[in-house]
Every structure is written in C-alpha cells, then in structure tokens.
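Reviewing the structure listed below.
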Amino acid sequence: MQQKIVCRILVLMLNVWVVAEANGQNTPPAPAEQYKALRKEYDSATGSGAPMTDAERLRFVGGVYKHHFMVAAKSLELAEKFPNDPVALEALLLAVWQVNTTPWPVEMVGEDTARPRAFEILQRDHVRSDKLGPLCQRISYGFCREYEPFLRAVLAANPHESVRATACLSLGAFLNNRAARLDLCRERPDLAREFADLYGKEYLAALLRQDRGKVTEEVEAVFHQAVEQYGQVELPGGKTVAEQADAEMFAIRHLSVGQQAPDIDGEDQDGRRFKLSDYRGKVVMLDFWSYV
739 MQQKIVCRIL
749 VLMLNVWVVA
759 EANGQNTPPA
769 PAEQYKALRK
779 EYDSATGSGA
789 PMTDAERLRF
799 VGGVYKHHFM
809 VAAKSLELAE
819 KFPNDPVALE
829 ALLLAVWQVN
839 TTPWPVEMVG
849 EDTARPRAFE
859 ILQRDHVRSD
869 KLGPLCQRIS
879 YGFCREYEPF
889 LRAVLAANPH
899 ESVRATACLS
909 LGAFLNNRAA
919 RLDLCRERPD
929 LAREFADLYG
939 KEYLAALLRQ
949 DRGKVTEEVE
959 AVFHQAVEQY
969 GQVELPGGKT
979 VAEQADAEMF
989 AIRHLSVGQQ
999 APDIDGEDQD
1009 GRRFKLSDYR
1019 GKVVMLDFWS
1029 YV
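Numbering (our numbering), first residue to last: 739 to 1030.
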C-alpha cells in the first residue's frame, strides 16, 4: 500500500514538472528581457547624491568605468549568442557606449575588453543600420583605435544620408580631437604614458609619428566633404551639417593654439568700448563667464 502511495506521488510530481516545462517556467528569459536587465544593470552605477572628497570622487569614477566595462562584456556575450535577433544591435551599442574621453590611469578604470570585438561585429553585421548616428557622435570625443575605421566604414557603406552625414562630421571631429590630445602627449610624457596604457603603446607611437600639418589638412578636407555632400542635412540639435562644419573649421583656423585670435569688439567692465586688436603686442587675459 505504501509503495503504491509513493508511486502516485512520483507520478504527480512528474506531471507537475511537465506542466511547468510546458508553461515555460524553467526556460531562460527572451533575448529582449535579458537586454532589458543588462540596460538596468548598466544604469545602476549612479552617484549617491552626497558630497564627495576628491579621493572619493576618483574612486567613484573608477567604479563606474569598471561597472560599465563588466556589463559591456555581458552585452557582447548576449549579442554573440543571438546574432540574428534585433536585440543584438542594441546589446552591441550598449557594449561600446562607455567612451573614455579622459586618460584616467588604467589601474583606476580597468580595461575595456569587450570594445574591440563589439566594434568588429558592428562593422561587419550592422554597418548599414539607421541606428548608428548617436554612436558616431559619441565616439567622436574618444581616442580608441577602433573608432576611426568604424566611422570611415559607416561613411562609406551606410545607405541612410542622415547617418552618413553624422559619420562624416564625427570623423572630422574625431581626427581633430585626437590630434589635440597628441599635442598634449608631446608636451607631457606623464600623459603620454597614461594614453599608452589605455589605448596601446604601438597605436600611440604610430600616431605621434604623423605629420601634424597633414593631419590638419585631412581634418579640413573631411569637414569640406561634410559641407559639400551633406550641408543641408539637419542635425538633432537643429543646426545643419554645414553650420556645424563651418563652426568646426573656424575653431581650427582661429581658435587653435598658435593661431591669431579673431578680433573682439565690445565693452570693458567700465562700459568703455574696446577692440581686442587695440592690445596687440600686449599680454591680455580674457575671462569668459556666465550666470549658468
């Protein structure tokens, strides 16, 4: 009798397990749900809102970078596991969204191990996507070696005019920003070491061998291309490509170190009219400020 009861219990448990399997209770979350969880995890690295000392702030910055790089590795894994799912592109964009615009010591922020592979897949499988504009804009402020070939690939192969326009502007800005950082590396060996640790010694050494004049010529040529081919395309902020490119070229020609500053006509603190050119040959301190 007891043996029959045990058998009935086992059969009942088996039936419950089969029903649970049929209802999907033991199946893993769908790719979209997995991405949603990663997105939430990525965004969880926020400040406490409490005042921080300089040392606490540095530790916080390092922790944010390490957290984002950890989630980036998981995002890359999700994209590789489901390459044909629409979520793959979203996961790859998340994997490369953290752009290190400041050469923090690598010991503090850690290594971004997912970035090279994520950009390789983006360039191979998603270069024609209409969702690449925001990423192109974002990486224009960075320094990584993967950014330039990616921007050039999007500019050459993407079928969407607005994305190509953004890629063209972003390529010019990236080359110009990188050149400015290289100028600093030439002046400051300590900064050069930090860049080398973050982005690779061979990469940095090759860039430092470039002819600065030729780099500036290429930057201007890219911005000219943006004006000629995409000048009337409107950017998210309301400006046209031509307006943004012209502003970039004005800064290169007139606001760069060593260039003659444009003349300024205005009032001094006592209400007297003046021109900057009135002080030619003298040391002048300009103090730009705002209430905001």
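All C-beta atoms, glycine included, are put in the ideal place defined by N, C-alpha and C.
Check, Outcome
"Integer Cβ distance of Val-834 from Gly-871, believed to fall under 8 Å", "Val-834 to Gly-871, Cβ: 14 Å. No contact."
"Residue(s) in a DSSP beta bridge with Lys-804", "Per DSSP, none; premise fails for Lys-804."
"Beta-carbon proximity list for Glu-981, same chain, < 6 Å, skipping 5 on both sides", "none"
"Simplified DSSP assignment, three categories, for Thr-978", "strand"
"Integer Cβ distance of Glu-932 from Pro-843, believed to fall under 8 Å", "6 Å"
"Per DSSP, cross-strand counterpart(s) of Phe-1012", "Gly-1004"
"Gly-969 vs Ala-983 beta-carbon contact at 9 Å", "yes"
"Other residues of its chain near Glu-986: CB distance less than 6 Å, five sequence neighbours each side excluded", "Phe-961"
"Contact under 9 Å by Cβ, Asn-838 with Phe-798", "no"
"Same chain, Cβ closer than 6 Å to Ser-908, five either side skipped, listed in chain order", "Cys-874, Gln-875, Ser-878 and Leu-889"
"Own chain, CB closer than 8 Å to Ser-782, minus 5 neighbours either side, in chain order", "His-805"
"Chain-order list of residues whose beta-carbon lies under 7 Å from that of Lys-812 (same chain, five-residue window excluded)", "Leu-776"
"First through last residue of the alpha helix (DSSP H) which encompasses Ser-900", "899–925"
"Rounded Cβ spacing between Phe-807 and Asp-863 (contact assumed at less than 8 Å)", "Not really, about 22 Å apart at Cβ, beyond 8 Å."
"Element boundaries [alpha helix (DSSP H), containing Lys-778]", "769–781"
"Residue environment, Gly-910, which counts as buried when at least 16 other CB atoms sit within 10 Å", "buried"
"Separation of Pro-887 from Trp-1027, as counted between CA atoms", "38 Å"
"CA-to-CA distance, Arg-924 to Leu-946, given in whole angstroms", "8 Å"
"Backbone secondary structure at Leu-748 - three-state DSSP", "At Leu-748, the pLDDT of 43 sits below 50, so the modelled position is not reliable; the number obtained from the coordinates is stated separately. Leu-748: helix per DSSP, three-state reduction."
"Where the alpha helix (DSSP H) containing Leu-889 begins and where it ends", "885–895"
"Span of the alpha helix (DSSP H) around Gln-861", "853–863"
"Helix, strand or coil at Val-972 according to DSSP, with G and I counted as helix", "Looking at the sequence provided, one finds Glu at residue 972 rather than Val. Three-state result, Glu-972: strand."
"Contact belief for Val-953 with Leu-913 at Cβ below 8 Å, rounded distance in angstroms", "7 Å"
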